[in-house]
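Chemist: Just so we're aligned: the sequence shown equals residues 139 to 388 in our numbering.
Glycine residues also receive a C-beta, built at the ideal position from the N, C-alpha and C atoms.
Dropping a structure here in C-alpha cells format, bear with me for questions.
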Amino acid sequence: MNSKLMIKQLSVFHQQTNRILIDSVNLSVDEGEVVALVGASGSGKSLIAQAVLQLLPDNLRQTGILNYQSRPITKKDRGQNIVLIPQSIDALDPLMKVKKQIQSLLPAPHSEQKVFDLLGRLGLEEEVASRYPFQLSGGQARRILVAIALGSAAKVVIADEPTPGLDVDSKTDMLSLLKEVKASGKSILLITHDFDVAVDLADRIAVIKDGKIIENTLKENFVGKGERLFHPYTKALWQALPKNLFIRSL
Ligand SMILES: Nc1ncnc2c1ncn2[C@@H]1O[C@H](COP(=O)(O)OP(=O)(O)OP(=O)(O)O)[C@@H](O)[C@H]1O
Ligand code: NI
C-alpha cells in the first residue's frame, strides 16, 4: 500500500499510574486521502496527533510503530513532512507578527508576495500580515494556521479540531479551505468531534471511543440507516445527523 502515514499498534500510557489512554490504535492515511478521526471529547484524538508528531508530554509514554512513507517518523519530520494544524490558536507565537510567523514556516524562498498570495487564497487582507496574533479574531487566527499548513512543503497535514465552535458560515469557509489543502495533493488526518464535518470532507472515517478505534470504514458505507456500519455508536452518530433525522422516523 501507498501509505503516507501509518500508525500501527499505538498505545499511550500514563507514566505514573500506567493508565492506558490510547489502546492499540491502527490507522493509515494513503496518498491524497482524507481520513477523519471522530470521537467525543477526551476520547484520545489529540493524543494520537501528539504521538505522531513526537510531541507527547513527559508524563506519557508511547509504544507502537509510527511510519512516514514506510520509515519511522522522527522529530525532523515535524513541519518538514508532517504539519500540524493545532487545536489551539495559542500555538501562534504571541510576540511575532503574522507575516514573520508564516515566513518562518514556509519552505524557502519565502518572499513577502508569497505570504500575501497565501493570505489572499484564505480570504484575508494583506494588512493582516502586519498584525500580532492578539489582534486577530479567532476565525482569522485559524485561517493563519491553515495558511501555514497550505504553504508548507509537508505532504501530510494533521488538522486537530479545525472547526470548534465556528458559526455555520465560518465552518463552511473552513471546510472549503481544507478542501483546498486536499486539492493541493496533501494527505490529511482530520481530527474532529463534528461528525458532519467528517462526512463532508473525508474519504474514510475512523471512530475512536475511550482510546480505541471502534470503526474504520469508507465514506461510501455511510448510507441509508447505517446498515453497512459496524458499531452501534457509529450508527447512532450517523442517524443523529440533521439530514438523517427523518430516516429514524421511517
Ligand atoms: N498529559 C496528560 N496527562 C494525563 N492525562 C492526559 C494528558 N493529556 C491528555 N490526557 C487524558 O487523555 C485523554 C484523551 O485526551 P485527548 O486530549 O487526546 O482527548 P481529545 O479526544 O482530543 O478531546 P477534545 O475533543 O476535548 O480535544 C483524556 O482523558 C485526557 O484527560
Ligand atoms: Ni483534542
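Compare the C-alpha of Gln200 against each of Ser208, Gln207, Gln188 and Leu379 and name the closest.
Modeler: Selected option, being the one with the closest Cα: Gln188.
Chemist: Need the endpoints of the beta strand (DSSP E) that Asp298 sits in, please.
Modeler: Where Asp298 is concerned, the enclosing beta strand (DSSP E) stretches over Val294 to Asp298.
Chemist: At the level of alpha carbons, what is the spacing between Gln273 and Gly182?
Modeler: Near 32 Å, if we compare the C-alpha coordinates of Gly182 and Gln273.
Chemist: In whole angstroms, what is the alpha-carbon distance linking Lys363 and Gln251?
Modeler: Those two C-alpha atoms are separated by around 50 Å.
Chemist: Please report the residue range of the beta strand (DSSP E) in which Ser308 lies.
Modeler: Not the beta strand (DSSP E): Ser308 falls in the alpha helix (DSSP H), residues Val306 to Ala321.
Chemist: Could you check if Glu353 belongs to the surroundings of ligand 1, using beta carbon to heavy atom distance under 7 Å?
Modeler: Not under cutoff, so the answer is no.
Chemist: Count Cβ pairs between the segment 163-172 and the segment 341-351 that sit closer than 8 Å; are there 3 or more?
Modeler: Short answer: they touch.
Chemist: Check whether the Cβ of Lys350 sits closer than 7 Å to any heavy atom of ligand 1, and report yes or no.
Modeler: Outside the cutoff, so no.
Chemist: Cα-Cα, which of Val306, Ala340, Asn359 and Ile346 is closest to Tyr371?
Modeler: Comparing Cα positions, the closest option is Ile346.
Chemist: Provide the residue span of the beta strand (DSSP E) that contains Asp168, from first to last.
Modeler: Start and end: Ile158 to Asp168.
Chemist: Please give the ranges of any beta strand (DSSP E) in the segment 163-241, keeping only runs that are unbroken, at least 3 residues long and fully inside the region.
Modeler: Listed in chain order, they are 172-176, 198-206 and 220-223.
Chemist: Could you tell me whether the segment 146-153 touches the segment 323-334, where touching means 3 or more Cβ pairs closer than 8 Å?
Modeler: No, they do not touch.
Chemist: Between the alpha carbons of Leu191 and Gly323, how many angstroms are there, rounded?
Modeler: The alpha-carbon atoms of Leu191 and Gly323 are separated by roughly 20 Å.
Chemist: Using only alpha-carbon positions, find the residue among Ser141, Asn197 and Lys142 that is nearest to Ile389.
Modeler: Limits of the chain in this structure are 139 at one end and 388 at the other, which puts residue 389 out of reach.
Chemist: Let me make sure I understand the geometry here. Which of Gln225, Leu256 and Ser268 has the alpha-carbon closest to that of Leu185?
Modeler: Among Gln225, Leu256 and Ser268, the Cα nearest to that of Leu185 belongs to Gln225.
Chemist: Could you check which residue in Val295, Lys373 and Gly276 has the C-alpha nearest to that of Asp305?
Modeler: For Asp305, the nearest C-alpha among the options comes from Gly276.
Chemist: Could you tell me whether the Cβ atoms of Ser325 and Val284 are closer together than 8 Å?
Modeler: Going by C-beta atoms, Ser325 is not nearer than 8 Å to Val284.
Chemist: Should the segment 208-224 be regarded as contacting the segment 286-293, the criterion being three or more beta carbon pairs within less than 8 Å?
Modeler: Short answer: they touch.
Chemist: Could you say which of Leu315, Gln218 and Gly177 lies nearest to Gly258 if we only look at CA atoms?
Modeler: Of the candidates Leu315, Gln218 and Gly177, the one whose C-alpha sits nearest the C-alpha of Gly258 is Leu315.
Chemist: Rounded C-beta distance between Val173 and Ala344? I'm assuming under 8 Å.
Modeler: Indeed, because the Cβ distance is near 6 Å, the residues count as touching under 8 Å.
Chemist: Measure the C-alpha to C-alpha separation of Leu367 and Ala229 and round it to an integer number of angstroms.
Modeler: Going from the Cα of Leu367 to the Cα of Ala229 covers about 36 Å.
Chemist: Looking only at C-alpha atoms, which of Ala246, Pro247, Val266 and Leu243 sits nearest to Phe254?
Modeler: Ranking Ala246, Pro247, Val266 and Leu243 by Cα distance to Phe254 puts Val266 first.
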